[in-house]
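Protein sequence lines correspond, in order, to chains A and B. Take 153 as the starting number for the first sequence in the working numbering and just add one per residue. Take 8 as the starting number for the second sequence in the working numbering and just add one per residue. Just so it is clear, CB atoms sit at the ideal spot from N, CA and C, and this is done for glycine as well. What follows is one structure encoded as structure tokens, with my remarks underneath.
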Amino acid sequence: MDELLAEMFDKKGPALVLGCYAKATDDSSLERLLLTAIHNFLIDQAKGTDRGKLRRRLETLLGADPRFTRADLAGSPGWALADGPCTAGTGDAAALMYAAFGVRDVSITRWNESGPTPKDTVHALVTIAAAVLTVAGGAVRDEDLARILQQRFALLTPPTVVSLSADESWTEPAAAEHERPDAAPATPAELESRSETVWQSLTPTERHLLPHLGETGPALAVITGTGPKQAKAIAAAVAEKVRLATVNDDERDETVLSLAERCRGES
Amino acid sequence: MTSAPGDAADRLRRALAPSVLPARVQQAAQTAPPDPQPGQLWRARWEETSELVAVLRVTTDAVEAAPVTLDVEYADNDAAVVPAGESPLGVDTVTWIGLRRVLPMTVLDRFLGEWPVKSLMAGTGSVIVNPADPRAEYRAYLEDELDLLAAARWAPTGAGTLAEELRAAGIDPQRLVALLDLAPQEALALLRGRLPVTAEQAETLAPALNRTVEQILAANPAPPAEIVSLLDRPRRRPQVQALARRRGMSEVTARQTAAFGVWRLAARQVGDRTEPAWDARLERYFHVTLNG
């Protein structure tokens, strides 16, 4: 507990005190502000831990791939393309993010906690990393590359936002050890398994929202308990997460339907 | 708490040490709120909504303001990040220039000091390229907050048809004086549409007008614009809040009570032909109400 508190006040202390002082209007609003600050800090910690895991995964994957090489960026470790410069790339953060989101035909729906990374996940990570490094025109810090990949594969990103939609941290989906050997239509059990994987990655709020994605902001706001614009933003994020998670799924419609049914059953 | 340097408890103590408010923020909060000017930081508050805003422009009854937050990791390319060393708050801040809005002056609640609006440069954060980016939700949250602040109103608009209805029902000044126990000046002001009736008075009038209390209250005239404008000023807000606390009412009701109280008293004392000195009357009203 001391460690956690020290970490929180070390990173957030002045802003936390100032934020509470400036925005709290009574006891209950102070309580809400403090709880939100602590909650968001815990989510940030979880996100950092996930990014750490991703960095270690990249270490293994890119280190074993001859297309990539290590770079030293003023003391920070980075990655570069083996046939390109190893000095810091010139692409700005937005350009790198555009490059990551510009690659559309890869996805991550499976992620092993330990053991070998599933083949399609390796392909997805390596493809996006190569696209980012190409646009960078040089090396990119480990931390920055992991952050971009974390955002690109929204399933890896825990929900974080200030207010309160962030009601649980992301946990890695359970491993699906066996890939389907051929392109035969998915069995109901397989469809259910795929939708289960996506379902696990959504927060309770997102699950409630999913069957209602086409509705208006005010209608969505009733479900999320937020303002209408925030509700629309959460809905757009859910749609994008599901899209990214199923982009390579031949039976995408069936998977999404199965997911919607599951979410509707939870509501 | 005893601890070795570098351990968690020591880090906790060291981390807490700078967690004090900057002197200029404390000082600003302890002085009477000034009139809003560009280049100031305020807390904007309306009911449950509370956000920091930087004032960019001021008109008679409104300000153009941009939200200010302390969560720099959510800044996008539309926002200006001010590092702790350059921020009057002493911590990293974000001024969301792209989300600036016209807000009624009535939402300005607590003055927090000067703000370097002239040197703000948007574009320090990166572009939001995907709806799954958490910053998209954060931005939308702020937009909702500003929508609520921008819509803040307390003064009843009132249809202003009450005088007409009283005359149509054949109610003259003498009858009004008898019915509502009014001073003659008040009765005249009511019949000229320059004064509203209270809920109790509306109850008395309801049978005579063949209207419900709600219909009569909706037909009230709106309070004079100058009273509304003066009560919107931040320097009146501490008095409004004190009145709300004292009477156990909301701030909105406290403002309405003050506006109608001053308006009614002026009608009784000077009638409706002289434009009263509203600011001085408000000052007296609060002095008597809060100290009486």
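**Study point:** Chain-ordered neighbours of B:Arg253 on chain A, where CB pairs are closer than 9 Å
**Key:** Here residue 253 of chain B refers to the residue found at position 246 when the second sequence is read from its first residue. Correct list: empty, because the minimum Cβ distance to chain A is about 16 Å.
Check your understanding: How many Å lie between B:Leu216 and B:Arg174 at the Cα?
Key -> Within the second sequence, numbered from 1, the residue matching residue 216 of chain B stands at position 209. Within the second sequence, numbered from 1, the residue matching residue 174 of chain B stands at position 167. Separation of B:Leu216 and B:Arg174 (C-alpha to C-alpha, rounded to the nearest whole angstrom) is 10 Å.
**Study point:** Listed by chain order, chain B residues near A:Thr177 by CB distance under 7 Å
**Key:** Taking the first residue of the first sequence as position 1, residue 177 of chain A is located at position 25. Those are Arg52 and Ser57, listed as they occur along chain B.
Check your understanding: Using 9 Å as the limit for Cβ to Cβ distance, is B:Ala91 near chain A?
Key -> To locate residue 91 of chain B, count along the second sequence from 1; it is residue 84. B:Ala91 counts as touching chain A.
Exercise for review: Jot down the residue ranges of each uninterrupted alpha helix (DSSP H) in the region 216-294 of chain B, minimum 4 residues, whole runs only, in chain order.
Suggested key: 220-225, 232-239, 244-254 and 258-277
Practice item. Buried or exposed for B:Glu193, please, with buried defined as at least 16 other CB atoms from any protein chain shown within 10 angstroms of its CB. Key: Walking along the second sequence from the start, residue 193 of chain B turns up at place 186. Flag for B:Glu193 reads buried.
Review point. Taking C-beta to C-beta, are B:Val65 and B:Gln44 nearer than 9 Å?
Key: Your numbering for residue 65 of chain B matches position 58 in the second sequence. Your numbering for residue 44 of chain B matches position 37 in the second sequence. The answer is yes: Cβ separation under 9 Å.
Practice item. Apply the 10 Å Cβ neighbour rule to A:Leu409 and answer buried if 16 or more other Cβ atoms are within range, or exposed otherwise. Key: The residue given as residue 409 of chain A occupies position 257 in the first sequence. The residue in question, A:Leu409, is exposed, as its Cβ has fewer than 16 Cβ neighbours within 10 Å.
Review point. Is it true that the CB of B:Pro230 sits closer than 9 Å to the CB of B:Pro203?
Key: Indexing the second sequence from 1 puts residue 203 of chain B at position 196. Indexing the second sequence from 1 puts residue 230 of chain B at position 223. For B:Pro203 and B:Pro230, yes; Cβs fall inside 9 Å.
Review point. Does the count of Cβ pairs from the region 44-59 of chain B and the region 126-144 of chain B closer than 8 Å reach three?
Key: no
Point to revise | Close-in-space but distant-in-sequence residues of the same chain around B:Ala213 (CB under 7 Å, 5 per side omitted) | key: Translated into positions along the second sequence, residue 213 of chain B becomes position 206. Closer than 7 Å at Cβ, skipping near neighbours: Thr219, Val220 and Ile223.
Exercise for review: Examine chain A for any beta-carbon lying closer than 9 Å to the beta-carbon of B:Val134, and answer yes or no.
Suggested key: What you label residue 134 of chain B is simply residue 127 of the second sequence in a count that begins at 1. Taking CB atoms only, B:Val134 has a neighbour in chain A less than 9 Å away.
Practice item. Can you tell me which of the three DSSP states B:Phe118 falls into? Key: As a working mapping, residue 118 of chain B is identified with position 111 in the second sequence. Looking at B:Phe118 - three-state DSSP - the assignment turns out to be strand.
**Study point:** The alpha helix (DSSP H) enclosing A:Gln303, as first and last residue numbers
**Key:** Your numbering for residue 303 of chain A matches position 151 in the first sequence. Asp294 to Arg304 is the extent of the alpha helix (DSSP H) around A:Gln303.
**Study point:** Min CB distance B:Val32 to chain A below 9 Å
**Key:** To locate residue 32 of chain B, count along the second sequence from 1; it is residue 25. Output row for B:Val32: interface = yes.
Check your understanding: When the distance is taken between beta carbons, is A:Lys175 closer than 9 Å to B:Asp151?
Key -> By 1-based counting over the second sequence, the position of residue 151 of chain B is 144. By 1-based counting over the first sequence, the position of residue 175 of chain A is 23. Contact flag unset, no.
Check your understanding: Is the Cβ of B:Val98 closer than 9 Å to any Cβ of chain A?
Key -> If you number the second sequence from 1, residue 98 of chain B lands on position 91. Answer yes: the Cβ-Cβ gap between B:Val98 and chain A drops below 9 Å somewhere.
Practice item. For B:Glu150, return the contacting residues in chain A, with the cut-off set at a CB-CB distance below 7 Å. Key: Along the second sequence, one-based indexing puts residue 150 of chain B at 143. Neighbours of B:Glu150 on chain A, chain order: Lys381.
Review point. Between the C-alpha atoms of A:Thr309 and B:Gly97, what's the straight-line distance to the nearest angstrom?
Key: Looking up residue 309 of chain A in the first sequence gives position 157. Looking up residue 97 of chain B in the second sequence gives position 90. The predicted position of A:Thr309 is uncertain, since its pLDDT is 43 and thus under 50; no value can be drawn from it.
Check your understanding: So which residues of chain B does A:Phe193 contact, with C-beta pairs closer than 8 Å?
Key -> Against the first sequence, residue 193 of chain A aligns to sequence position 41. Here the premise fails: no neighbours, minimum Cβ distance about 11 Å.
Check your understanding: A:Ala246 touches chain B at which residues, Cβ-Cβ below 8 Å?
Key -> On the first sequence, residue 246 of chain A is found 94 positions in, with the first residue counted as 1. Those within 8 Å of A:Ala246 in chain B are Asn84, Ser133, Val134 and Val136.
Review point. Is there at least one Cβ from chain A nearer than 9 Å to B:Pro29's Cβ?
Key: Here residue 29 of chain B is taken as the residue at index 22 of the second sequence, counted from 1. So, interface residue.
Review point. Would the beta-carbon of B:Val70 fall within 9 Å of that of B:Leu115?
Key: Position 63 of the second sequence, counting from 1, holds the residue named residue 70 of chain B. Position 108 of the second sequence, counting from 1, holds the residue named residue 115 of chain B. In this structure, B:Leu115 lies closer than 9 Å to B:Val70 by Cβ.
Check your understanding: For B:Leu153, which of B:Pro90, B:Ala72 and B:Leu289 has the nearest alpha-carbon?
Key -> The residue given as residue 153 of chain B occupies position 146 in the second sequence. Checking every option, the nearest Cα to that of B:Leu153 belongs to B:Ala72.
Review point. At a Cβ threshold of 9 Å, is A:Lys205 touching chain E?
Key: Considering every chain present, this structure includes no chain E. Its protein chains are A and B.
Check your understanding: Going by the CB atoms, is the gap between A:Ala397 and A:Val350 shorter than 9 Å?
Key -> Taking the first residue of the first sequence as position 1, residue 350 of chain A is located at position 198. Taking the first residue of the first sequence as position 1, residue 397 of chain A is located at position 245. Going by C-beta atoms, A:Val350 is nearer than 9 Å to A:Ala397.
Review point. Just checking my contact of A:Gly241 with A:Val292 at CB under 8 Å: how many whole Å lie between their CB atoms?
Key: What you label residue 241 of chain A is simply residue 89 of the first sequence in a count that begins at 1. What you label residue 292 of chain A is simply residue 140 of the first sequence in a count that begins at 1. The Cβ separation is near 6 Å, so the contact holds.
Check your understanding: For the region 345-362 of chain A, which residues have a beta carbon sitting closer than 9 Å to at least one beta carbon of chain B?
Key -> none
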